[in-house]
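Okay, so the sequence shown: first residue is 4 according to the numbering used here, each after it adds one. To start, the structure itself, in structure tokens.
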Amino acid sequence: MATATIHYKTAGHLACGRDSHLASSTELARVKCRACRSTEAFKTARKEARNSARRAARKAKATHNSLDWRTAWREQLAALPGSNRLPRGFGRQPFV
């Protein structure tokens with residue numbers, strides 16, 4: 004049994020210009036039509052999806068690292084005995 008060719012649909016039309024009643028998808032990974040995959044609309048959409056995924060991964064990594072050191076530093080200060088002073092910018096309390 005042969006699999007149906009899935010076309011790329013953008014703005015209500017197929018990217019390759021064929022009849023719009025064919026099986027289509029806006030998901031880039033499902034598109035099988037070679038003509039659709041070689042169009043500028045498909046290439047641009049794939050590039051934008053790739054770049055947004057990279058930006059999201061970079062942002063998640065940067066946010067995770069920046070929060071991690073602050074949490075570790077606060078735990079270290081909380082573990083110190085006595086009234087140790089917090090560094091500037093870590094809270095409104097002058098002492099722990």
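In this text, a Cβ means the ideal position worked out from N, Cα and C, and glycines have one as well. None of these values were measured; they are calculated from a predicted model.
Extent of the continuous alpha helix (DSSP H) run through residue i
i   : result
C39 : R37 to R40
CB of residue i within 8 Å of CB of residue j, strictly
i   : j   : result
H16 : A26 : no
Close beta carbons around residue i, own chain, < 6 Å, minus the five adjacent residues each side
i   : result
S28 : I9
R21 : none
T13 : A44
Under the three-state DSSP convention, the category residue i falls into
i   : result
T13 : strand
S23 : coil
Nearest-angstrom beta carbon gap, residue j and residue i [assumed within contact, 8 Å]
i   : j   : result
A18 : A44 : 5 Å
R57 : L31 : In fact, because the Cβ distance is near 15 Å, the residues do not count as touching under 8 Å.
Cβ of residue i within 8 Å of any chain B Cβ
i   : result
S41 : No chain B appears in this structure, which consists of one protein chain only.
Same chain, Cβ closer than 7 Å to residue i, five either side skipped, listed in chain order
i   : result
A38 : C19
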